[in-house]
Each structure stands twice: as C-alpha cells, then as structure tokens.
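I have placed the structure first, in the form of structure tokens, so that the comments after it can refer back to it.
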Amino acid sequence: MTPFEWILAVCIAIMTACLVSGLVLVLRTSDVLTKAVLSDLVFYTMIAIFLTWTLTNPTSIGYEVALLAAIAGGVLPTLSMARIISKGRR
Numbered sequence: 014m015t016p017f018e019w020i021l022a023v024c025i026a027i028m029t030a031c032l033v034s035g036l037v038l039v040l041r042t043s044d045v046l047t048k049a050v051l052s053d054l055v056f057y058t059m060i061a062i063f064l065t066w067t068l069t070n071p072t073s074i075g076y077e078v079a080l081l082a083a084i085a086g087g088v089l090p091t092l093s094m095a096r097i098i099s100k101g102r103r
C-alpha cells in the first residue's frame, strides 16, 4: 500500500467511527428533530466513504453516484427537515 492509500484507509476508519456513533445516537434518542439531523449525518457519511473509496478503486459509475447523491442529498433532506421543524405547517 502506498502512503496515500494508508491515509485514505485512516480517513475511512474515522468516517466509519462517526457513522457508527451517529447510528447509536439515532437508536438512543427519542427526539424527532435529532433523529432527522442524524439521518442526514449518516447519509452524507456514507457518500463520503464511497467517494473516498473511489479515489483508489476506479469505477465507471462512481462520479454519477456522487452527482445523484448531491442532488438527492441536497434538496430532499432540506425539505424534509423544514417539514419536521415546522411540524407539517406551510
């Protein structure tokens, strides 16, 4: 393994630890707003892990997945978070 791959492996390990801690907090909390924020954390962390993995493992669809995740991950969670905060009111 090259030094760059070691650095990426450490980064993926740190992101995985953050992902697991977010999932534990989702299971332990009863607040709906906290669960909504943590679900965004889990989603974005999974995208970050995938994109970090694609730096050393070239795939033909890696950047299309990133583009789709940016569109779906940027718009939809913002709308759902607004609905949760306002409790469904417009």
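Offset between the sequence shown (1-based) and our numbering: plus 13.
By construction, the Cβ of each residue, glycine as well, lies at the ideal position given by its N, Cα and C atoms.
Owing to the predicted nature of the structure, the values given are computational and were not obtained by experimental measurement.
Select from C31, I97, L51 the residue whose C-alpha is nearest the C-alpha of L40. L51
Report yes or no: do the region 22-34 and the region 77-88 share at least 3 C-beta pairs separated by less than 8 Å? no
Going by alpha carbons, who is nearest to T65 out of M14, T15, A22, P16? A22
Could you give the DSSP three-state label for L51: helix, strand or coil? helix
Let me know if G35 comes out buried or exposed under the rule of 16 or more other beta-carbons within 10 Å of its beta-carbon. buried
So which of E18, F56, S99, C24 has the shortest CA-CA distance to L81? F56
Quick one: complete alpha helix (DSSP H) runs, 4+ long, within the region 15-53? 16-41
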